[in-house]
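Novice: Its first residue numbered 24, the sequence shown is counted upward by one per residue in our numbering. Every residue, glycine too, gets a C-beta built ideally from N, C-alpha and C.
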Amino acid sequence: MPRSNRPRRPVSGKPAATGRGTGKKGNGDVPELDLERARAGIARRESAPDGEWMVRSMTARNAAKTYICPECSTAVLPGVAHLVVWKDDHLFGAAAGLAERRHWHTNCWNSRSYRYR
Numbered sequence: 024m025p026r027s028n029r030p031r032r033p034v035s036g037k038p039a040a041t042g043r044g045t046g047k048k049g050n051g052d053v054p055e056l057d058l059e060r061a062r063a064g065i066a067r068r069e070s071a072p073d074g075e076w077m078v079r080s081m082t083a084r085n086a087a088k089t090y091i092c093p094e095c096s097t098a099v100l101p102g103v104a105h106l107v108v109w110k111d112d113h114l115f116g117a118a119a120g121l122a123e124r125r126h127w128h129t130n131c132w133n134s135r136s137y138r139y140r
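1. Need the endpoints of the alpha helix (DSSP H) that G120 sits in, please.
2. Which whole-angstrom value is the C-beta distance of M77 and A66, which I expect to be below 8 Å?
3. Give me the residue from G102, R29, V103, E123 with the minimum Cα distance to K110.
4. What does the alpha-carbon distance come out to for the pair V107 and E55?
5. According to the neighbour-count rule (16 or more other Cβ atoms, all chains shown, within 10 Å of its Cβ), is P99 buried or exposed?
6. Could you spell out where the alpha helix (DSSP H) holding N85 opens and where it closes?
7. Quick one: give me the first and last residue of the beta strand (DSSP E) that S70 is part of.
8. Which residues does DSSP list as the beta-bridge partners of V99?
9. Using the Cα positions of S96 and D73, report the straight-line distance between them to the nearest angstrom.
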């Protein structure tokens, strides 16, 4: 039996479904991809003599709070690009490592010393 081409009746006050894609949310406009923001959210793994680290870049646009860099003990100010770093091989698991993440100046992270860790 062929399908009916009549529009379906509205259910409980909702407008009738008309055409394809009516089950999708939005009006079909696709937001422009912000490549800088997309790259900033990806963490990379780094190996060092003091263990495995997950490192995520924080762009200047996304840096909204003041943090203290653990290497130089000075402020990482809002609007300054920096790194968010946490231990990947934490003794108490990945969740504990993520909870103890720290914000580092990029230069401090790249030139850090390993003698006190």
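Specialist: Taking the definition as stated:
1. 117-122
2. 5 Å
3. E123
4. 26 Å
5. Looking at the sequence shown, residue 99 is not Pro but Val. The residue in question, V99, is buried, as its Cβ has 16 or more Cβ neighbours within 10 Å.
6. Per DSSP, N85 belongs to no alpha helix (DSSP H) and is neither H nor E.
7. 66-71
8. Y90
9. 20 Å
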